[in-house]
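Take a look at the structure below.
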Amino acid sequence: MLKALPVLMYHHISPAPGLVTLAPATFRQQLEAMARAGWKSVTTQALEAFYAGRPLPDKSVLITFDDGYLDNFVHAHPILAEFGFTATLFVVTGWIGEGPVRRGWQDCPSHKECKARIAAGAADSVMLRWSEIEAMQSAGTFEFHSHTHRHTRWDKSLPPGAARREALGADLEQSRQTLQARLGNCSTHLCWPQGYFEPDYLQVARSRGFCHLYTTRPDLNLPGNDPLHIGRLVTKEKGGRWIRSRLRIYATPWLGRLYNALKGQP
Numbered sequence: 400m401l402k403a404l405p406v407l408m409y410h411h412i413s414p415a416p417g418l419v420t421l422a423p424a425t426f427r428q429q430l431e432a433m434a435r436a437g438w439k440s441v442t443t444q445a446l447e448a449f450y451a452g453r454p455l456p457d458k459s460v461l462i463t464f465d466d467g468y469l470d471n472f473v474h475a476h477p478i479l480a481e482f483g484f485t486a487t488l489f490v491v492t493g494w495i496g497e498g499p500v501r502r503g504w505q506d507c508p509s510h511k512e513c514k515a516r517i518a519a520g521a522a523d524s525v526m527l528r529w530s531e532i533e534a535m536q537s538a539g540t541f542e543f544h545s546h547t548h549r550h551t552r553w554d555k556s557l558p559p560g561a562a563r564r565e566a567l568g569a570d571l572e573q574s575r576q577t578l579q580a581r582l583g584n585c586s587t588h589l590c591w592p593q594g595y596f597e598p599d600y601l602q603v604a605r606s607r608g609f610c611h612l613y614t615t616r617p618d619l620n621l622p623g624n625d626p627l628h629i630g631r632l633v634t635k636e637k638g639g640r641w642i643r644s645r646l647r648i649y650a651t652p653w654l655g656r657l658y659n660a661l662k663g664q665p
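Under this note's numbering, the letters of the sequence shown match residues 400 to 665, in that order.
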């Protein structure tokens with residue numbers, strides 16, 4: 400049985416690899432290597448069960464994406480379907496637009512350009528639409544969870560205290576209500592923007608029904624661990640051998656602890 404659950408973190412799958420972006424060919428190499436080695440993707444429901452102490456088969460992995468970029472539909476979605484993998488997408492609900500599903504879309508800009516377009520009010524040119532989310536959900540390639548409504552770093556927007564907690568709570572509630580209205584459900588799973596949170600954020604999240612909270616730290620995910628601190632591994636523009644080695648490390652508790660210690664990760 401599985402000793403530790405690796406959780407992979409992706410953002411963009413795009414022909415313009417760079418910051419938090421993998422080329423489609425690289426993503427395909429990674430999934431092909433995982434499939435050939437016998438790795439199987441699991442859902443967040445399986446992660447919940449694993450944290451609660453119920454066993455998972457060896458070579459189980461949770462694949463996650465952040466934000467909800469259009470290139471996830473254009474490039475990641477068909478590659479996941481090709482290899483029979485399912486991924487989890489933490490979506491910024493306030494950035495998702497309306498309109499028909501886009502087929503054959505070619506405009507997949509860099510992460511920097513995506514951020515600039517969102518800031519300029521042109522999120523629809525780089526982000527998913529609800530119709531595309533529904534198509535991905537129906538196909539079984541993605542499940543969808545909260546990445547907040549506005550992707551705000553509240554520590555950079557408001558001083559510590561009640562006003563910050565209230566703003567965070569309102570944002571989380573809006574995300575919850577949007578997912579409930581659009582997809583019929585909002586789970587207990589939440590990914591913090593940029594992985595950042597402060598101790599008082601945890602209680603705010605719990606008060607809004609979120610009790611499985613994801614970071615950007617490469618912490619080991621073990622049965623009985625605190626689900627308020629779920630670790631994830633940052634993926635890189637590297638191929639199958641690299642992803643297999645990282646999965647082996649973070650599925651093996653002693654090896655993962657040693658690797659993190661050598662990398663200076665407390």
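Where a beta carbon is used, it is the ideal one built from N, C-alpha and C, also for glycine.
What you are looking at is a predicted structure, and each value in this text was computed from that prediction instead of being measured.
Residue i versus residue j - alpha carbon distance
i: F543; j: L461; result: 13 Å
i: A436; j: R643; result: 8 Å
i: W641; j: A432; result: 9 Å
i: L654; j: R616; result: 16 Å
i: R552; j: A519; result: 18 Å
i: A486; j: S440; result: 7 Å
i: R563; j: I517; result: 23 Å
i: Q579; j: N624; result: 28 Å
i: E481; j: S530; result: 21 Å
i: Q429; j: G417; result: 17 Å
i: L657; j: A403; result: 14 Å
i: Y600; j: A561; result: 11 Å
i: T540; j: D523; result: 21 Å
i: K514; j: Y649; result: 31 Å
i: T634; j: A434; result: 17 Å
i: A448; j: P626; result: 11 Å
Host beta strand (DSSP E) of residue i (start-end)
i: D466; result: S459 to D466
i: F541; result: F541 to S545
i: L612; result: H611 to Y613
i: L407; result: V406 to Y409
i: L372; result: No answer is possible for residue 372: the residues shown for the chain start at 400 and end at 665.
i: H550; result: Segment: none, H550 is in no beta strand (DSSP E) and carries neither H nor E.
i: C590; result: H588 to C590
Residue i - containing alpha helix (DSSP H), residue span
i: E597; result: Neither: E597 is in no alpha helix (DSSP H) and is coded neither H nor E.
i: E431; result: P423 to R435
i: M535; result: W529 to A538
i: L582; result: A561 to L582
i: L446; result: T443 to Y450
Pair within 8 Å by beta-carbon distance, residue i and residue j
i: L612; j: L589; result: yes
i: S377; j: R581; result: Given that the chain is displayed from residue 400 to residue 665, the structure contains no residue 377 and the question cannot be resolved.
i: V406; j: R631; result: yes
i: T420; j: H550; result: no
i: M535; j: D465; result: no
i: H474; j: S537; result: no
i: P477; j: L401; result: no
i: T399; j: I629; result: The structure shown does not extend to residue 399, since the chain spans only 400 to 665, so no value can be given for it.
i: A604; j: L557; result: no
i: H410; j: G493; result: no
i: P508; j: V491; result: no
i: T587; j: F609; result: yes
i: R528; j: G496; result: yes
i: T425; j: E636; result: yes
i: G467; j: L446; result: no
i: Y450; j: P598; result: no
Assigned exposure category for residue i - 16 Cβ within 10 Å defines buried
i: T442; result: exposed
i: Q505; result: exposed
i: N471; result: buried
i: R453; result: exposed
i: D618; result: buried
i: G584; result: Note that residue 584 is Asn in the sequence shown here, rather than Gly. It is exposed - the Cβ of N584 has fewer than 16 other Cβ atoms within 10 Å.
i: L661; result: exposed
i: R502; result: exposed
i: P592; result: buried
Whole alpha helix (DSSP H) runs in the region 615-660 with 4 or more residues, listed along the chain? 639-649
What are the start and end residues of each continuous beta strand (DSSP E) run of 3 or more residues lying completely inside the region 465-511, in chain order? List check, beta strand (DSSP E) in window: 486-490.
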